[in-house]
Every structure is written in C-alpha cells, then in structure tokens.
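Visitor: So the protein lines, in turn, are chains A and C.
Note that the working numbering has the first sequence beginning at 1, numbered continuously upward.
Note that the working numbering has the second sequence beginning at 1001, numbered continuously upward.
The beta carbon of each residue, even a glycine, is placed where N, CA and C say it ideally should be.
Number of protein chains: 2
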Amino acid sequence: MPVIKPEQVTAGGERKNRKELRLHSSIARDLGLRIVSGRYRPGHVLAGEIEASGQLKVSRSAYREAVRMLAAKGLVQSRTRTGTRVSAVEQWHLLDPDVLAWVFAGEPELEVLQGLFELRTIIEPEAAAIAAARRNDENLEVMRNALERMGLHTVNVEAGRIADRDFHSELLRATRNPFIISLTNGVAAAVHALTEFKQREHALKRDPLPEHWRVFEAIEAKDTERARTSMAELIRLAITDMPVKRWPDNWTDSRLVRDSG
Amino acid sequence: MPVIKPEQVTAGGERKNRKELRLHSSIARDLGLRIVSGRYRPGHVLAGEIEASGQLKVSRSAYREAVRMLAAKGLVQSRTRTGTRVSAVEQWHLLDPDVLAWVFAGEPELEVLQGLFELRTIIEPEAAAIAAARRNDENLEVMRNALERMGLHTVNVEAGRIADRDFHSELLRATRNPFIISLTNGVAAAVHALTEFKQREHALKRDPLPEHWRVFEAIEAKDTERARTSMAELIRLAITDMPVKRWPDNWTDSRLVRDSG
DNA sequence: TCAAGTTGATTTCTCAGACAAATGCTATCT
DNA sequence: AGATAGCATTTGTCTGAGAAATCAACTTGA
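Right under this line is the structure:
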C-alpha cells in the first residue's frame, strides 16, 4: 500500500489541495492517520524499517524521518530489537495540531467530540475574561475584521470558517499567555475541521454571528465578567449545533479512553 | 561545539542520570534547549546540514532526524534553499512535554511561571470537579497511595516530588477526558521541574500535604463543588510558595511574548 | 521601461548500501 | 535451576551521491 506521494497528488489533475507535503511528512501523516483512526492499535508493532520502507516504495531514511516525527508527537516509540510500536493513548500528544487534525480528519467519535467541547468550555470563557482585561487595540481590530468577514461569507463556506478561526485565535492571543496561545493552534485546527464536519451533515440553520459579536463587545468594553458569560453561551450554542442525536453521560467506552497499551 | 553523546555521559564516570538518549534525541534536546533558552532566536537560520552536522561531529542523517523532531514540535521550519529557521514563538508546541521540560530546564522567567500557573488555575479546579464526578475506586486508590508516599518523603526529595506528580496525573486521568489527560504529561513534567526549582532556592517551609488531602477527600466524597474550591486553594498556595519577589501585573516584555519573527 | 520567462546557484530532500550498537532469545555451563 | 555466553534481529549511525525546490540574477520581448 504505497503512500500518496506529493507529485502524484498534483499530477493527478487536481489542483494542489494542500501544502504539498514533503515525502517524510506524507508518510508521517499516512501512518499517523492509521494510528489515530485505530487501524494500528496501541501496542501494535510496525513492520521493520526495511520491509515498511519497501512496501511504501520509499527509502529507509525517508521512512525513518517520518517515524521520528511520530515519536516526537508521542504516537510511537522505537527500540532496537523490539521494533517500533504504537504507544498507549495516554502518551499521545493529543493537543498537537497535527495529531488533532488527524483525529478529526475522519468521523470523530461522539466521546471525542464531547472531550474537546468540555476542554473548550473550561478554557475559552476564562480566556475571554483574561482577554477582556489585557487586549489592546490591535487585537480588537483583528477580531472585528474577522467577525465582519464571518458575516460576509457565513460559516457555510471556507472563507467564513477561516474568519471564525481567526476570531478565536486572536481572542486567545489577546490573553498574552503563551501556553493558552499554544493551545490555540491545536484547538483552532480541530474546530475548523469540526465546523466542516457540521457542514458536511447539513448547512447550519442558526446564525452564530450574534453571540460572537456579544463576546466582542464585552472584550471591547473590557468587561471581564460579561466576556466570560457570553463566551460560555457561545460554546453552549455551538454544542447544540452539533448534528448529534444524544450526548452520553459518560464515555468510558471510547476508543481513546479504553485502549491503554 | 560537539553535542554530548550518550556514551560520553555514561563513560564520564557519572551514573546514567537519564534514559540514555539516542544520538538524534540528544541533538534534538541540544538544539531545542538553545532555541527555547533564546540562544537561537525566532527567525534565526541554522547552519546548513553539512556544516551543522560537521560541527556537531555527527552524520547528516542523525542531524536531519533531530531537525525533523524539532519541526514536529513546531520549533523550526525547513525549506529548500532557505534553510532551517527557528519558528515564531506562537508556532511552538509549548505544551509538548519535551518543549515544556526544555523551557523549565533553566531558570524560567517570571512571566513564564505566571503563564503556567494561570493555565493551571483555569484547568485544574475544573478538572478536579469533573474528576469528583467520574472517578472510580482505582483512581482513588492510586491518589491515596501517592499522597501517602508524599507524606512519607516530603517534596524536598525526588521521591516526594514524583508522588506529587503522580497525584496530579491520576486526578487528571480520573476526568476520563483524553484532551485533559494529554495536558497532564506536559504540565506534570513542568510542575515537577518547578518543584525542583523551588527546592533549589530554599527548602519548602510550609507543608503542602493538608490541602492535597482536602482535595482528595472532596473527590472521594464525589463533592464536585468542594473539589473545585479546594483545588483552587491548593494552587493559590503553591503560587505563594514560589520564591518570587513580586508578581507582575502584565508580562508584555516576556521573551516568549515579545519575539514573533 | 517593464513584465515574463530563463538560467544558475544553493539548500534541503531522497536514495542506496554498509557497518555499529543494543537487546531479546537460546543454548550451554556450573 | 540459575547464571552466562553467544546468536540473531532490529534500530541506529555513517558515507556519498544525485534529485528537487527555490531564490536571485539575467535575458528576452513587447
């Protein structure tokens, strides 16, 4: 099962749909997707470097660099003689932008969705409050511009989703907290993929713009408390927009939780 | 300036102080430390592969694998012709366990400390509340065992610090939220290094055990509200224990914030 | 004059093959 | 039965060679 090479993608007649990944990155994404999708389970030992690189029709060095990237993201662990094995889920760097994107590339499980929204429910209202206290005029302008673009395009098209992501990114940036900002890149990627996922099922009926403006106005007024509550409401509404039949009370059966080595 | 090779460390007469990193991991740590410490600033272009690997006295492939690992952690970006350059701080995966450990390996800046505690103040009280609702008996036993070890050794020795870390890790694990658990590994590593840092200045006068037991009892009783408040108090006390003269109101001058090339 | 294409130089990227080091397994010895 | 020494297997490291990408300068044509 050869990996999709960048040249083959562009040569396939389609426009270059992504960033034209290099070979090692393509292999890493390929293996990463198989791991987070559950095709390669924790504990599974990958084929040896010679065999694996041979199957993928790539050199050993390219394959090794891909494995090294996955190891850096906590997905695999290599040892001499033992081989390269998929790590326990607890070792995965789930907030790594790439890993998160891979997790949400397929149909994400209900429990995973809930986990992400739970994290957002914890982080983002507090982040909005901090942003209200520390934001400067430039943050405000970027956020205003993002919301105007969002209103222009709607989140049903790519440009609108990008604007949505820009708004949340800039909000977290306004907190001036490097760790919260670092969360941005990952969560923003996931939310972006998620909005696309919602769109996949059916176009969004409700207009999410009003609650975004309410958050903006609170931050503009440096009203921390109103920023917190309005952001909490925004996320609550976003959850209700998910095309989900019922939200489980627990998710101990989730694949991400169950597997552990 | 050759990188410290694993063999040299063990051959140096000292006991193997760590996990005997492989060569590529050693190089990655070496470069990673230089980057997060500010020696290589964002925008800085590293020496070419041939020159750099020559200076470090290693092969190009080992050096390349190291660079690939750093790229996977968002610290650098490689492009043909342009070379490999240090990414903007916003691109760094600051919550990656390795990156976090590297950041806290030296004397962390005041503003970085504050950033981490701010994140903990947001996350951990809520996590404690969720843990109180979802914990099972095994979580409880692991946490109880950790606190008993913590009381036995005190946080002034390594065994006690490990017990402290185990307690917080198991607490976050009890939330059953994969994303929160993923935060664990990084934050736990940082807090561990941090407690060591506190110890470096002067032994802890106050005994942090009572507030830990209060959190434990709240979770044991499945009292979500008390778990939240007692954890908030635990973190507040931990902040006061930091050997810091004054906490700044803002940190716009932080290196982590200022650099964005 | 200026835009568009061409060429050249530089750097990472990819490939190939060889040997070294680590380590789990097994047979052997005490 | 347990320790120990070899053996086999897998990743780790090294070397050397082109290929591909891309920035800068140059050339060409309207």
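On the DSSP bridge list, what partners appear for arginine 1079 of chain C?
Guide: Walking along the second sequence from the start, residue 1079 of chain C turns up at place 79. Arginine 1079 of chain C is bridged to C/Gly1083.
Visitor: Within the 9 Å Cβ cut-off, does isoleucine 1027 of chain C reach chain A?
Guide: Against the second sequence, residue 1027 of chain C aligns to sequence position 27. No, isoleucine 1027 of chain C lies away from the interface with chain A (no Cβ there is under 9 Å from its Cβ).
Visitor: Report the residues of the region 1045 to 1073 of chain C with a CB closer than 7 Å to any CB of chain A, ordered along the chain.
Guide: Cβ contacts with chain A come from Ser1061, Arg1064, Glu1065, Arg1068, Met1069, Ala1072 and Lys1073.
Visitor: Quick check on the burial criterion: 16 or more other C-beta atoms within 10 angstroms. Buried or exposed for proline 210 of chain A?
Guide: Position 210 of the first sequence, counted from the first residue, corresponds to residue 210 of chain A. Classification of proline 210 of chain A: exposed, given that the 10 Å Cβ count is below 16.
Visitor: Our contact map puts lysine 1198 of chain C next to methionine 1231 of chain C with C-beta atoms below 8 Å; I'd like the distance itself, whole angstroms only.
Guide: Position 198 of the second sequence, counted from the first residue, corresponds to residue 1198 of chain C. Position 231 of the second sequence, counted from the first residue, corresponds to residue 1231 of chain C. Not quite, the Cβ-Cβ distance comes to about 19 Å (not below 8 Å), so this is no contact.
Visitor: Using Cβ-Cβ distances below 8 Å, what residues of the region 1080 to 1094 of chain C are close to chain A?
Guide: Here the close residues are Val1089, Glu1090, Gln1091, Trp1092, His1093 and Leu1094.
Visitor: Which runs of the alpha helix (DSSP H) spanning at least 4 residues fall entirely within the region 92 to 155 of chain A, listed in chain order?
Guide: Counting whole runs of 4 or more residues, the region 92 to 155 of chain A contains the alpha helix (DSSP H) stretches 97 to 103, 110 to 134 and 137 to 153.
Visitor: My output table needs one value for valine 157 of chain A: the three-state DSSP class, helix, strand or coil.
Guide: Within the first sequence, the letter at position 157 stands for residue 157 of chain A. DSSP places valine 157 of chain A in coil when its eight states are reduced to three.
Visitor: What residues from the region 167 to 181 of chain A come within 8 Å of chain C, judged by C-beta to C-beta, listed N to C?
Guide: Those residues of the region 167 to 181 of chain A that come within reach of chain C (Cβ to Cβ, closer than 8 Å) are Arg173, Arg176, Asn177, Pro178, Phe179, Ile180 and Ile181.
Visitor: Locate the alpha helix (DSSP H) running through threonine 1224 of chain C, then write down its first and last residues.
Guide: The count along the second sequence starts at 1 and reaches residue 1224 of chain C at position 224. Segment 1224 to 1241, the alpha helix (DSSP H) holding threonine 1224 of chain C.
Visitor: How would you list, in chain order, the residues of chain C whose beta-carbon sits under 8 Å from the beta-carbon of aspartate 30 of chain A?
Guide: As a first step, residue 30 of chain A is located in the first sequence; it is residue number 30 there, counting from the start. The premise fails here: aspartate 30 of chain A is roughly 15 Å from chain C at the closest Cβ pair, so nothing lies under 8 Å.
Visitor: Roughly how many whole angstroms lie between the Cα atoms of valine 1155 of chain C and leucine 1100 of chain C?
Guide: Stepping through the second sequence from its first residue, residue 1155 of chain C is reached at position 155. Stepping through the second sequence from its first residue, residue 1100 of chain C is reached at position 100. Roughly 21 Å separates the two Cα atoms.
Visitor: Check this for me: beta carbons of valine 1103 of chain C and alanine 1028 of chain C, under 9 Å apart or not?
Guide: By 1-based counting over the second sequence, the position of residue 1103 of chain C is 103. By 1-based counting over the second sequence, the position of residue 1028 of chain C is 28. Cβ atoms of valine 1103 of chain C and alanine 1028 of chain C: not closer than 9 Å.
Visitor: Is the CB-CB distance between leucine 234 of chain A and histidine 202 of chain A below 9 Å?
Guide: Position 234 of the first sequence holds residue 234 of chain A. Position 202 of the first sequence holds residue 202 of chain A. Their beta carbons are not under 9 Å apart, which means leucine 234 of chain A does not touch histidine 202 of chain A by this criterion.
Visitor: I'd like to check one pair, valine 36 of chain A with arginine 85 of chain A: are the Cβ atoms closer than 9 Å?
Guide: Within the first sequence, the letter at position 85 stands for residue 85 of chain A. Within the first sequence, the letter at position 36 stands for residue 36 of chain A. No.
Visitor: So which residues on chain A does leucine 1116 of chain C lean against when the C-beta distance must stay under 7 Å?
Guide: Looking up residue 1116 of chain C in the second sequence gives position 116. Phe179, listed in chain order.
Visitor: Grab the span of the alpha helix (DSSP H) containing arginine 1041 of chain C for me, first residue to last.
Guide: Within the second sequence, numbered from 1, the residue matching residue 1041 of chain C stands at position 41. Unbroken run through arginine 1041 of chain C: none, as it is neither H nor E.
Visitor: How far does the alpha helix (DSSP H) with histidine 212 of chain A in it reach, from first residue to last?
Guide: Numbered from its first residue, the first sequence carries residue 212 of chain A at position 212. Here the alpha helix (DSSP H) through histidine 212 of chain A covers 209 to 220.
Visitor: From the DSSP output, in three-state form, read off threonine 252 of chain A for me.
Guide: Taking the first sequence and counting its residues from 1, the one referred to as residue 252 of chain A is at position 252. Bear in mind that the predicted position of threonine 252 of chain A carries a pLDDT of just 42, short of 50, making it unreliable; the figure below should be weighed with that in mind. Residue state, collapsed to three classes: coil.
Visitor: Starting from the beta carbon of leucine 1234 of chain C, find every residue of chain A whose beta carbon is closer than 7 Å, and list them in chain order.
Guide: Taking the second sequence and counting its residues from 1, the one referred to as residue 1234 of chain C is at position 234. Those within 7 Å of leucine 1234 of chain C in chain A number zero; the least Cβ separation is about 17 Å.
Visitor: Compare the C-beta of threonine 224 of chain A with all C-beta atoms of chain C and state if any pair is closer than 9 Å.
Guide: Residue 224 of chain A sits at position 224 when you count from the first residue of the first sequence. It does not; no Cβ of chain C falls within 9 Å.
Visitor: If contact means a Cβ-Cβ distance below 7 Å, which residues of the region 122 to 150 of chain A contact chain C?
Guide: Within the region 122 to 150 of chain A, the qualifying residues are Ile122, Ile123, Glu126 and Arg134.
Visitor: Please classify leucine 1152 of chain C as buried or exposed, where buried requires at least 16 other C-beta atoms within 10 Å of its C-beta.
Guide: As a first step, residue 1152 of chain C must be located in the second sequence, where it is residue number 152. Exposed, because fewer than 16 other Cβ atoms sit within 10 Å of the Cβ of leucine 1152 of chain C.
Visitor: From the beta carbon of glycine 1160 of chain C, is the nearest beta carbon of chain A less than 9 Å away?
Guide: In the second sequence, counting from the first residue as 1, residue 1160 of chain C sits at position 160. No, no contact with chain A.
Visitor: What is the rounded straight-line gap between the Cα of alanine 263 of chain A and the Cα of alanine 1072 of chain C?
Guide: Because chain A is modelled from 1 through 261, residue 263 of chain A falls outside the range shown and cannot be assessed.
Visitor: Whose C-beta lies closer than 8 Å to the C-beta of leucine 1147 of chain C among residues of the same chain, with five residues either side of it excluded?
Guide: Working through the second sequence from its first residue, we reach residue 1147 of chain C at position 147. Taken in chain order, the residues that qualify are Ala1163, Phe1167, Leu1209, His1212, Trp1213 and Phe1216.
Visitor: Which class does alanine 174 of chain A belong to by DSSP, given the choice of helix, strand or coil?
Guide: The residue labelled residue 174 of chain A in the question sits at position 174 within the first sequence. Coil at alanine 174 of chain A, not helix or strand.
Visitor: Could you give the distance in angstroms between the alpha-carbon of glutamate 118 of chain A and the alpha-carbon of isoleucine 1180 of chain C?
Guide: Residue mapping note: residue 118 of chain A aligns to position 118 of the first sequence, counting from 1. Residue mapping note: residue 1180 of chain C aligns to position 180 of the second sequence, counting from 1. Glutamate 118 of chain A and isoleucine 1180 of chain C: Cα-Cα distance of roughly 9 Å.
Visitor: Where does glycine 32 of chain A sit, in a helix, a strand or coil, going by DSSP?
Guide: The residue labelled residue 32 of chain A in the question sits at position 32 within the first sequence. Note: glycine 32 of chain A maps to helix in three-state DSSP.
Visitor: Can you list, in chain order, the residues of its chain whose CB lies under 8 Å from that of alanine 1133 of chain C, leaving out five sequence neighbours each side?
Guide: Here residue 1133 of chain C refers to the residue found at position 133 when the second sequence is read from its first residue. Same-chain partners within the cutoff: Lys1222 and Thr1224.
Visitor: Label glutamine 55 of chain A either buried or exposed according to how many other C-beta atoms from any shown protein chain fall within 10 Å of its C-beta, with 16 as the threshold for buried.
Guide: Taking the first residue of the first sequence as position 1, residue 55 of chain A is located at position 55. Exposed, by the Cβ-count rule.
Visitor: Take the Cβ of glutamate 1196 of chain C as the centre, count every other Cβ of all protein chains shown within 10 Å, and call the residue buried at 16 or more, exposed below.
Guide: Taking the first residue of the second sequence as position 1, residue 1196 of chain C is located at position 196. Per the 10 Å Cβ criterion, exposed.
Visitor: For a test of the three-state rule: what should DSSP assign to arginine 206 of chain A, helix, strand or coil?
Guide: The residue you call residue 206 of chain A lines up with position 206 of the first sequence. The answer is coil: DSSP assigns arginine 206 of chain A none of H, G, I, E or B.
Visitor: For a contact defined as C-beta to C-beta under 7 Å, what are the partners of histidine 1024 of chain C on chain A?
Guide: Here the question's residue 1024 of chain C lines up with position 24 in the second sequence. Within 7 Å Cβ-Cβ: Arg68.
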